[in-house]
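In what follows, a structure is listed as structure tokens, so that the remarks can point back to it.
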Amino acid sequence: AQSVTQPDIHITVSEGASLELRCNYSYGATPYLFWYVQSPGQGLQLLLKYFSGDTLVQGIKGFEAEFKRSQSSFNLRKPSVHWSDAAEYFCAVASSSNTGKLIFGQGTTLQVKP
Amino acid sequence: EPEVTQTPSHQVTQMGQEVILRCVPISNHLYFYWYRQILGQKVEFLVSFYNNEISEKSEIFDDQFSVERPDGSNFTLKIRSTKLEDSAMYFCASKRGRTDTQYFGPGTRLTVL
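Next comes the structure, spelled out in structure tokens:
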């Protein structure tokens, strides 16, 4: 069955430090992968997506993610975190079913220290 | 930029009551979804809707739930007799084509007392 694992439930980084949020997926074919961000009380905003091609994808707000098929990973990175990045981050894979429903990971809560 | 909208933002209801959550997807989108997120848990798929019918539903989506696209713009989720465990944030999403990105609404927080 398709699944997504985000091993880190909670991460704290200092403002200005680099960030990497981990995501591992289980999927038979080439996956469609996404990172969404949810600020407190808000909906889900798409940060970036991978469908095919270049395995390093750029997103909004200075985020990037790298697809590594050999490791079944799609880790999210940012070189310098801002206080406004504090939020919950969800990795998701689109199901192989015709509907393309999204299967989400548990989410990682990012706290940013001043 | 077009966006998915949802109303109400917060609904409080008594157990056993019916609720209808409303969504207006992006206008040229063809695929529609409902997801829910129980507090502190991950986002879970409930149902997908395409070509005026349910295309897939999860085991959560039992007979108490129904969806409708009554007028070509709204997309509703009805819970016939709410239970305490239905308390959650409900997200509507839509996308244009099968392999396109899903765009999410801001959610409706449902509280069942």
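Read top to bottom, the protein sequences are chains G and W.
Residue numbering for the first sequence follows the numbering used here, beginning at 230 and increasing consecutively.
Residue numbering for the second sequence follows the numbering used here, beginning at 1159 and increasing consecutively.
From the three backbone atoms N, C-alpha and C, an ideal C-beta is built for every residue, glycine too.
Query, Result
"How about glycine 1265(W) and glycine 272(G): are their beta carbons less than 9 Å apart?", "yes"
"For chain G, find out if any of its Cβ atoms is closer than 9 Å to the Cβ of threonine 1259(W); answer yes or no.", "yes"
"So which residues of chain G does proline 1264(W) contact, with C-beta pairs closer than 8 Å?", "Gln271 and Gly272"
"Which of helix, strand or coil does DSSP assign to glutamate 1161(W)?", "coil"
"Report the residue from Gly1255(W), Phe1207(W) and Thr1234(W) whose alpha carbon sits nearest the alpha carbon of threonine 1163(W).", "Thr1234(W)"
"Count the other C-beta atoms from every protein chain shown that fall within 10 angstroms of the C-beta of valine 1170(W), then say buried if there are 16 or more, exposed otherwise.", "exposed"
"Count the C-beta pairs between the segment 233-246 of chain G and the segment 276-286 of chain G that are closer than 8 Å, then say yes if the count reaches three, no if not.", "no"
"Comparing alpha-carbon positions, which option in Val1205(W), Leu1242(W) and Lys1241(W) lies nearest leucine 331(G)?", "Val1205(W)"
"How would you call tryptophan 312(G), buried or exposed, if buried means at least 16 neighbouring beta carbons within 10 angstroms?", "exposed"
"Pull up the distance between the alpha-carbon of threonine 1257(W) and that of tyrosine 256(G), whole angstroms please.", "16 Å"
"Alpha carbon to alpha carbon, how far is proline 260(G) from serine 1231(W)?", "31 Å"
"So, helix, strand or coil for isoleucine 238(G), using DSSP?", "coil"
"Mind checking whether glutamate 293(G) and leucine 275(G) have CB atoms under 9 Å apart?", "no"
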